[in-house]
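In terms of my numbering, the sequence shown opens at residue 16 and continues consecutively.
Just so you know, even glycine gets a beta-carbon here, dropped at the ideal spot from N, CA and C.
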Amino acid sequence: MPFIHSPKPWQLPERLVTSESTFFNRRQFIKGLVGAGIAGAALPLVGCQSGQNADNPVVGVRNLAAMLNEQFRDPGRPLTNEMLAASYNNFYEYGNSKHIWRDAQALQTDPWQVEVSGLVKNPRTYDLDDLLKRFPLEERIYRFRCVEAWAMVVPWLGFPMRLLLEEVEPTSAARFVRFTSYYDPQITKGPTFPPSQFLPWPYTEGLRVEEMANDLAFFAVGIYGHTLPRQHGAPLRMVVPWKYGFKGAKSVVKIEFIDTQPATYWNTINSNEYKFESNVEPDVPHPRWSQAKERLIGPGNKFDWEEVPTLLYNGYGDYVAQLYQRS
Ligand SMILES: Nc1nc2c(c(=O)[nH]1)N[C@H]1C(S)=C(S)[C@@H](COP(=O)(O)O)O[C@H]1N2
Ligand SMILES: [Mo]
16 MPFIHSPKPW QLPERLVTSE STFFNRRQFI KGLVGAGIAG AALPLVGCQS GQNADNPVVG
76 VRNLAAMLNE QFRDPGRPLT NEMLAASYNN FYEYGNSKHI WRDAQALQTD PWQVEVSGLV
136 KNPRTYDLDD LLKRFPLEER IYRFRCVEAW AMVVPWLGFP MRLLLEEVEP TSAARFVRFT
196 SYYDPQITKG PTFPPSQFLP WPYTEGLRVE EMANDLAFFA VGIYGHTLPR QHGAPLRMVV
256 PWKYGFKGAK SVVKIEFIDT QPATYWNTIN SNEYKFESNV EPDVPHPRWS QAKERLIGPG
316 NKFDWEEVPT LLYNGYGDYV AQLYQRS
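Put into structure tokens, the structure is as follows:
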């Protein structure tokens, strides 16, 4: 197994590197210290309807046309405000705060290539345009659940991962898939704390091949009717809505079919808190907090947000329950 057992430079003491949430809390704490007192409310977004000012986080996009997939028309919850979704992100390549959308604009997404390799009959490197032409785009409104217990509902545009699988044809030896995000320390500078050089870049994630073949598994190239803003993981990201958000790597450049479970970013940082499987399971608490409820991103700070019960597999059990055994 490729799990890391020997000490590695990024295995800092717990007090330095723990989790997504610790980063977040630390920031809140510092803001509190300087007396800002407006941590969540400082988002430059409410009242930002015009779309043309410097505070509009939806930048660098072009419209995309796609049919709505009727199976995913009704998420049972209101759609998240686009400006909020585009300005409350996790993308550690650009820092550890939720407010990285400006920094993320440094990413160059054109040209973009995605290499598909490893245990497949037809390895190849796709230009992004080629992917867009090859696979018909559809729109799917999915619930989205971060391991930190916030949630949103967004309309993705993209295509099922299964279509790519069928084209590259994994061999019978392929059991897992590793997805790698774009990494260039000049651009994806990472957080200043913990120091980026101690983190296990590039960001990688993994699935079992059967998980990738599931109907729900999706490559998003757009959101809210246009291409992805960079902070959402332009130009192509994974969306696996029955798993915690960190399983969905952004800005994917490489997809490799392999025979053993790959090491992944958060699992390498803390395997106790961020499991490889990481399905949304309300009855399985994170070691530091309950997962029974979640808050829907809304106006104001997160303590004002509506709290709703967490659903097993994020409500997608009909699609994925057969992939797992729960005791
Ligand atoms: N490359 C990369 N992908 C990533 C992350 C990241 O830091 N880097 N964060 C993950 C986490 S923790 C979450 S919750 C989602 C956030 O997606 P959003 O910002 O588009 O809402 O992206 C996931 N994909
Ligand atoms: Mo997350």
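- Of E225, Q86, Y197, V295, the smallest CA-CA separation from A119 is found for Y197.
- Here the stretch 293-302 makes no contact with the stretch 215-228; the two share fewer than three CB pairs at distances below 8 angstroms.
- Between the stretch 103-121 and the stretch 328-340, the count of C-beta pairs closer than 8 angstroms stays below three; the two stretches do not touch.
- The closest CA to that of E153, considering only F87, T140, M98, is found on F87.
- In this model, K290 and H241 are separated by some 33 angstroms (Cα to Cα).
- Nearest C-alpha to E321 among A264, E184, W165, S102: W165.
- Using a cutoff of 8 angstroms, the CB of F291 does not count as near ligand 2, since none of the ligand's heavy atoms is closer than that.
- Here N105 is actually not in contact with P206; their C-beta atoms are around 11 angstroms apart, not less than 8 angstroms.
- The shortest CA-to-CA distance from A235 to any of R155, A228, C161, D199 is the one to R155.
- Annotation: S342 to M253 spans about 28 angstroms, alpha carbon to alpha carbon.
- The Cβ neighbour count for Q246, taken over all protein chains shown within 10 Å, is at least 16; the residue is labelled buried.
- Per the coordinates, the alpha-carbon of I238 lies some 30 angstroms from the alpha-carbon of G133.
- Membership of G221 in the beta strand (DSSP E) is indicated by the continuous run 219-223.
- Distances from the CA of D274 to each of P72, Q123, V135, P93 were compared; the closest alpha carbon is that of V135.
- With contact defined as three or more Cβ pairs closer than 8 angstroms, the stretch 88-95 and the stretch 156-176 are in contact.
- The C-beta of W304 has fewer than 16 other C-beta atoms within 10 Å across all chains shown, which makes the residue exposed.
- Taking 8 angstroms as the cut-off, one finds at least one heavy atom of ligand 1 near enough to the beta carbon of H247.
- Not one heavy atom of ligand 2 lies closer than 8 angstroms to the C-beta of Y239.
- The Cβ atoms of T279 and T203 do not sit closer than 9 angstroms to each other.
- In the structure shown, K148 adopts helical secondary structure according to DSSP, grouped into three states.
- By the neighbour-count criterion, in which a residue is buried when 16 or more other Cβ atoms sit within 10 angstroms of its Cβ, Y339 is exposed.
- Between L251 and V129 the beta-carbon gap is near 6 angstroms, inside 8 angstroms, which marks them as a contact.
- In the DSSP assignment, Y157 falls within the unbroken beta strand (DSSP E) covering 153-160.
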